[in-house]
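Numbering (full-length UniProt numbering), first residue to last: 1 to 79.
Glycine included, C-beta positions come from ideal geometry on N, C-alpha and C.
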């Protein structure tokens, strides 16, 4: 292995990276080529999907607000 190659980034994948990239949301080490850990990626994808579905329903069916997409309309008010 060449001396100027950072350990973990060389040809040998069995050498662990001593300073891996970290997920910006939770700080868990992420795999090379990834921006987030898997759990944070799934959470962000679900939030994006829910926002898109809510916007689509509001635009195309303004009077229809299903419980799955608009839970705040169906919450019980407790005082």
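1) Residue 36: buried (16+ other C-beta within 10 angstroms of its C-beta) or exposed?
2) Please state if the CB of residue 30 and the CB of residue 43 are separated by a distance shorter than 8 angstroms.
3) Using the C-alpha atoms, what's the distance from residue 66 back to residue 74?
4) For the alpha helix (DSSP H) containing residue 53, name the first residue and the last one.
5) CA-CA distance, residue 17 and residue 46?
Let me spell this out:
1) Burial check for residue 36: the Cβ neighbour count within 10 Å reaches 16 or more, so the residue is buried.
2) In this structure, residue 30 does not lie closer than 8 angstroms to residue 43 by Cβ.
3) Going from the Cα of residue 74 to the Cα of residue 66 covers about 9 angstroms.
4) Where residue 53 is concerned, the enclosing alpha helix (DSSP H) stretches over 38 to 60.
5) Cα-Cα distance, rounded: 30 angstroms.
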